[in-house]
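The structure appears below as structure tokens.
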Amino acid sequence: MSTHHTLVTGGAGFIGSHLCRYLLNIGHDVTVVDNMSTGREDNIADLADNPRFTLRAADVSLPGSFVELDTLTHIVHLACPASPKANTRMPLDTIRACSVGTLNVLDLAARTGTRVVCASSSEIYGDPLEHPQNETYRGNCDPVGAFSAYTEGKRVLEAAAAAHVREGTNAGIIRPFNIYGPNMWPEDGRVVSSFCASALRGATLEIAGGEQTRSFCYIGDFIEGVVRMMDSDAFGPVNLGNPACEVSIAELAQLVVRIAGTGRAQIVPGRSGETHRRQPDTDLAARVLSWSAITSLDTGIERTLDWMSQVIHAESSVR
Numbered sequence: 360m361s362t363h364h365t366l367v368t369g370g371a372g373f374i375g376s377h378l379c380r381y382l383l384n385i386g387h388d389v390t391v392v393d394n395m396s397t398g399r400e401d402n403i404a405d406l407a408d409n410p411r412f413t414l415r416a417a418d419v420s421l422p423g424s425f426v427e428l429d430t431l432t433h434i435v436h437l438a439c440p441a442s443p444k445a446n447t448r449m450p451l452d453t454i455r456a457c458s459v460g461t462l463n464v465l466d467l468a469a470r471t472g473t474r475v476v477c478a479s480s481s482e483i484y485g486d487p488l489e490h491p492q493n494e495t496y497r498g499n500c501d502p503v504g505a506f507s508a509y510t511e512g513k514r515v516l517e518a519a520a521a522a523h524v525r526e527g528t529n530a531g532i533i534r535p536f537n538i539y540g541p542n543m544w545p546e547d548g549r550v551v552s553s554f555c556a557s558a559l560r561g562a563t564l565e566i567a568g569g570e571q572t573r574s575f576c577y578i579g580d581f582i583e584g585v586v587r588m589m590d591s592d593a594f595g596p597v598n599l600g601n602p603a604c605e606v607s608i609a610e611l612a613q614l615v616v617r618i619a620g621t622g623r624a625q626i627v628p629g630r631s632g633e634t635h636r637r638q639p640d641t642d643l644a645a646r647v648l649s650w651s652a653i654t655s656l657d658t659g660i661e662r663t664l665d666w667m668s669q670v671i672h673a674e675s676s677v678r
């Protein structure tokens, strides 16, 4: 049996599946708790036969999901519908995962003396009035807007983690900034996956607004940051993102079309409540975790398209 046993909530999701694979490769036992509302068995199909991997199809908002987990050394709490498409479709489930689910995870960490890393979001900065955003900025959020279940849920997650730390729990918070890469499925609703799928199908990439910017961080870089946070005693919150990869959504669409060699971009009206600019200040991650993102956007998009092209091809073969 491994000397490391990590619980990953939401481990069948995009980020979670990459983290599980990484941890298994470095010798951890891994247990996943995921209710599969947005997770996919396809993401972890290659892990199913690994004797050090266990999947519990269970909900983090139910305390019974965590019974007989007394040998843990680490917990990473990722469970939450992450894409705008998912969390606006399931707002109450989103709030439960971020509030009740987070408290259940933190209570487990306190009871077992386990280090827990909770994934917040760059969305807690809202539509920022400071640029770039560092961890001391308190944000500009709409508590009742279209995306408030996710944004305010993540703010509750951070408050719960902070309260637990004051009571002696070994918890840390990370704030991911637009993570992307393989295992983002074509219909998951995030901008990179949507653009890649449309381009590979020779369809139109619909750019809502187009002038708003995001900073995109490749999944491999991000996972390295998560693992370093697991091995740290830092509370944070710590931004994990790639400030060198801030581009407008229109520029992202043009890049995807160029690398894919198919598709075309078209501007459509922007969405209400859209954030205008987003870029992380990652100085704290560099100081505390000796971490920085290194993958260029061109390289990351190329890898994402390579992976998704296999999915699109498989879909076409079935039809």
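Sequential numbering of the sequence shown, starting at 360, is according to the working numbering. Just so you know, even glycine gets a beta-carbon here, dropped at the ideal spot from N, CA and C.
C-alpha gap between residue i and residue j, whole angstroms
| i | j | result |
| --- | --- | --- |
| residue 571 | residue 627 | 13 Å |
| residue 609 | residue 562 | 16 Å |
| residue 453 | residue 479 | 12 Å |
| residue 409 | residue 394 | 20 Å |
| residue 673 | residue 546 | 15 Å |
| residue 488 | residue 556 | 33 Å |
| residue 368 | residue 427 | 15 Å |
| residue 637 | residue 602 | 9 Å |
| residue 372 | residue 399 | 6 Å |
| residue 662 | residue 655 | 11 Å |
| residue 648 | residue 592 | 10 Å |
| residue 401 | residue 671 | 14 Å |
| residue 464 | residue 659 | 32 Å |
| residue 583 | residue 629 | 34 Å |
| residue 370 | residue 471 | 20 Å |
| residue 681 | residue 446 | Any answer about residue 681 is impossible in this case: the structure gives the chain only from 360 up to 678. |
| residue 622 | residue 651 | 32 Å |
| residue 542 | residue 666 | 8 Å |
| residue 617 | residue 657 | 10 Å |
| residue 522 | residue 455 | 18 Å |
| residue 407 | residue 381 | 15 Å |
| residue 438 | residue 544 | 17 Å |
| residue 643 | residue 490 | 16 Å |
| residue 390 | residue 457 | 20 Å |
| residue 403 | residue 444 | 22 Å |
Within 9 Å, strictly: CB atoms of residue i and residue j
| i | j | result |
| --- | --- | --- |
| residue 450 | residue 397 | no |
| residue 474 | residue 530 | yes |
| residue 435 | residue 378 | yes |
| residue 581 | residue 564 | no |
| residue 585 | residue 664 | no |
| residue 468 | residue 413 | no |
| residue 589 | residue 595 | no |
| residue 578 | residue 385 | no |
| residue 566 | residue 624 | yes |
| residue 405 | residue 635 | no |
| residue 388 | residue 415 | no |
DSSP three-state assignment for residue i, whether helix, strand or coil
| i | result |
| --- | --- |
| residue 640 | coil |
| residue 654 | coil |
| residue 371 | coil |
| residue 563 | strand |
| residue 428 | coil |
| residue 493 | coil |
| residue 455 | helix |
| residue 613 | helix |
| residue 558 | helix |
| residue 672 | helix |
| residue 604 | helix |
| residue 576 | strand |
| residue 485 | strand |
| residue 463 | helix |
| residue 422 | helix |
| residue 401 | helix |
| residue 663 | helix |
| residue 594 | coil |
| residue 542 | coil |
| residue 582 | helix |
Given residue i as reference, the closest of the options once Cα atoms are compared
| i | options | result |
| --- | --- | --- |
| residue 553 | 612, 382, 476 | 612 |
| residue 514 | 529, 477, 490 | 477 |
| residue 448 | 467, 371, 526, 548 | 548 |
| residue 481 | 467, 517, 431 | 517 |
| residue 483 | 666, 504, 510 | 510 |
| residue 362 | 373, 383, 376, 370 | 383 |
| residue 466 | 524, 490, 634, 415 | 524 |
| residue 633 | 372, 499, 471 | 499 |
| residue 640 | 370, 666, 597 | 597 |
| residue 501 | 670, 621, 512 | 512 |
| residue 551 | 494, 619, 485 | 619 |
| residue 461 | 418, 605, 381 | 418 |
| residue 492 | 544, 605, 569 | 605 |
Supposed close pair residue i, residue j - CB separation, criterion 8 Å
| i | j | result |
| --- | --- | --- |
| residue 420 | residue 392 | In fact, because the Cβ distance is near 11 Å, the residues do not count as touching under 8 Å. |
| residue 536 | residue 507 | The pair is not a contact, with the Cβ atoms about 19 Å apart (cut-off 8 Å). |
| residue 559 | residue 668 | 6 Å |
| residue 576 | residue 538 | 5 Å |
| residue 432 | residue 365 | 7 Å |
CB contact below 9 Å: residue i versus chain C
| i | result |
| --- | --- |
| residue 502 | Absent here is chain C; the protein component of the structure consists of one chain. |
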